[in-house]
Structure formats: C-alpha cells, structure tokens
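In the numbering used here, the protein residues as written are 85 to 356.
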C-alpha cells in the first residue's frame with residue numbers, strides 16, 4: 085500500500101482482515117498533485133483510476149479540506165472550512181460520477197484555476213480529492229462472515245504561488261522523554277519539535293543515531309519521514325530501545341527537509 089494514498093474501508097461490521105483489499109477496491113495514480121500557479125493562472129493534470137475487480141465499479145468524486153495534526157497525521161474537513169482551502173479552485177472532468185468496467189482504466193482531468201484576486205499572503209493552498217466506491221463489493225471477515233466492503237482513496241492536491249522551492253525549518257526543541265514508571269514495554273523516546281518557517285510544503289526525513297559516551301557504542305535508529313505545510317509545528321518522536329544500557333548518551337538527529345540536500349543537525353545529551 086503506497087504511503088501517499090489513504091485507504092478507508094467502510095464495512096458492515098467492526099472486525100475485518102487485510103485480505104479484504106484483494107476482494108474489493110480500486111487503484112489511483114498519482115497520489116499527489118502539485119500546482120505552481122500565479123493569481124489568474126490555470127493548469128490541468130491527470131490522474132488514472134483503474135478497476136482491478138471482475139465486476140463494475142461505480143465511483144463518486146468529492147473534494148474536502150485537509151491538514152496535518154501535530155504528529156503528522158492527516159485530518160479532513162468539509163470543503164471550504166480552512167483558510168488554506170483550494171476546493172473552490174478545482175474542477176474534475178468529465179464529472180463527479182463514473183463507472184469502470186472490469187479491468188478498465190479512466191483518465192480524469194483535474195483542472196486548477198486560481199482566482200485573479202486570490203490571497204497571496206497564504207503561500208500554500210490544499211485540497212483532498214476523494215474517490216469513493218459507491219457499489220460495495222463482497223468480502224469476508226477472518227471468521228468467514230460475508231460482509232460488504234467499500235473503498236475510498238484520497239489524492240492530495242497542493243498549490244503554491246511561488247515558482248521557487250525555498251524551504252526552511254526551525255528546530256524549536258529536542259528532548260528526551262522517560263517512560264512511565266509502570267510501563268515495562270517502552271524505553272521512552274526522543275522528541276523533536278519542528279516549525280515549517282518556509283513558504284512551501286515539506287517532505288523530508290529525519291535520521292537518528294545515539295552514542296553511549298562512556299563506551300563509544302553507536303546505534304542507528306530507524307529513519308522517519310516528515311511532512312508539513314507552511315506554519316505547521318510538528319512533533320517527531322523516535323522510540324528508544326527497551327533494553328538500552330544505563331549510561332550517558334548523545335543523540336543526533338539529521339533533518340533533510342528539501343530536494344537539494346538542505347540539512348539541519350541537532351544533538352541532545354541525555355542519561356538512562
């Protein structure tokens with residue numbers, strides 16, 4: 085499952101298994117669209133929707149607002165709710181409803197038209213285009229129970245007035261968070277607080293390493309992807325190993341926040 089596309093399964097019961105995706109669904113590509121247009125400008129991009137099933141697929145198209153919460157999770161809202169909303173600037177052609185035959189693919193034109201009087205003080209506008217299966221397919225839960233499965237997929241749409249890719253990020257805080265005394269399943273975590281101070285969306289990565297300053301032992305932790313919009317403050321949390329030996333440590337976080345190897349490095353001394 086691609087990381088840049090939502091899957092939302094609407095089923096007639098709470099319990100369901102992973103194999104439901106194989107029994108009902110659609111594919112959509114790409115999962116993100118990017119427009120760089122001045123006020124009064126317009127542009128068109130295409131997405132391809134495919135029906136991998138052996139029965140007709142009825143699909144409805146809708147637009148919503150969206151943003152990230154502090155941990156980078158997606159949040160959706162009714163169209164026109166957010167000041168960054170671009171839903172009124174988008175038309176999907178040929179329309180908001182269509183049917184795909186088994187194995188059929190369909191190209192949709194996503195037409196983006198920026199008003200001449202658009203507020204340029206808001207550097208990035210966004211929308212989420214949802215494609216929803218309107219005729220639920222048949223599926224089975226883990227216990228063999230027959231259920232109906234409906235799939236909804238989201239394509240993120242970004243717009244910027246700027247033709248340049250000037251990005252910047254500020255590190256507001258870097259802390260070590262201890263686990264609760266009664267929690268025997270966690271080693272605590274490191275937490276970065278970041279602020280997107282640029283005028284573009286950020287799609288970056290944080291690389292982590294911890295050094296035991298008493299033994300010299302180094303340990304690399306899993307990389308983490310980060311996503312944010314201008315003005316966002318993001319918390320990035322990296323779990324520490326449960327069996328981390330007691331001692332003094334230096335944690336290093338390297339933040340890559342752009343396409344041109346823009347990097348920031350921060351360090352934190354902590355003790356276990």
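For each residue, glycine too, the CB sits at the ideal point set by N, CA and C.
In the DSSP assignment, residue 258 falls within the beta strand (DSSP E) that extends over 253-261. The three-state reading of DSSP puts residue 275 in strand, counting E and B together. Counting only runs that start and end inside the stretch 115-190, the beta strand (DSSP E) elements of at least 3 residues fall at 116-120, 126-134, 141-152, 158-161, 174-177, 181-184. In the structure shown, residue 246 adopts coil according to DSSP, grouped into three states.
For residue 111, the CB contacts under 7 Å within the same chain, skipping 5 residues up- and downstream, are 134, 136 in chain order. Residue 257 and residue 177 have their C-alpha atoms spaced approximately 46 Å apart. A direct Cα-to-Cα measurement between residue 292 and residue 333 gives close to 13 Å. An exposed status is given to residue 321, since fewer than 16 other beta-carbon atoms sit within 10 Å of its beta-carbon.
If the five residues before and after residue 309 are omitted, its C-beta is found closer than 6 Å to the C-beta atoms of 289, all from its own chain and listed in chain order. Residue 255 places its beta carbon less than 8 Å from that of residue 278. For residue 212, the enclosing beta strand (DSSP E) starts and ends at 208-217. With fewer than 16 other beta carbons inside 10 angstroms of its own, residue 219 counts as exposed. The DSSP assignment places 273-280, 286-296, 302-312, 317-323 as complete runs of the beta strand (DSSP E) inside the stretch 269-327, in order along the chain (cut-off: 3 residues). For residue 170, same chain residues with a beta-carbon under 7 Å away, outside a window of 5 residues either side, are 209, 210, 211, 241, 243 in chain order.
Secondary structure at residue 335: strand, using DSSP grouped into helix, strand and coil. Pairing residue 252 with residue 152 gives a Cβ-Cβ distance that is not under 8 Å. In the three-state reduction of the DSSP assignment, residue 345 falls in the coil class, being assigned neither a helical nor a strand state. For residue 205, the secondary structure class from DSSP, reduced to helix, strand or coil, is coil. Beta-bridge analysis with DSSP links residue 111 to 134.
Pairing residue 199 with residue 175, the inter-Cα distance amounts to about 13 Å. Contact between residue 273 and residue 192 does not hold, since the beta-carbon distance rounds to 42 Å and is not under 8 Å.
Residue 231 has its alpha-carbon roughly 8 Å from the corresponding atom of residue 221. A check of alpha carbon separations from residue 314 across 205, 148, 186 identifies 205 as the nearest.
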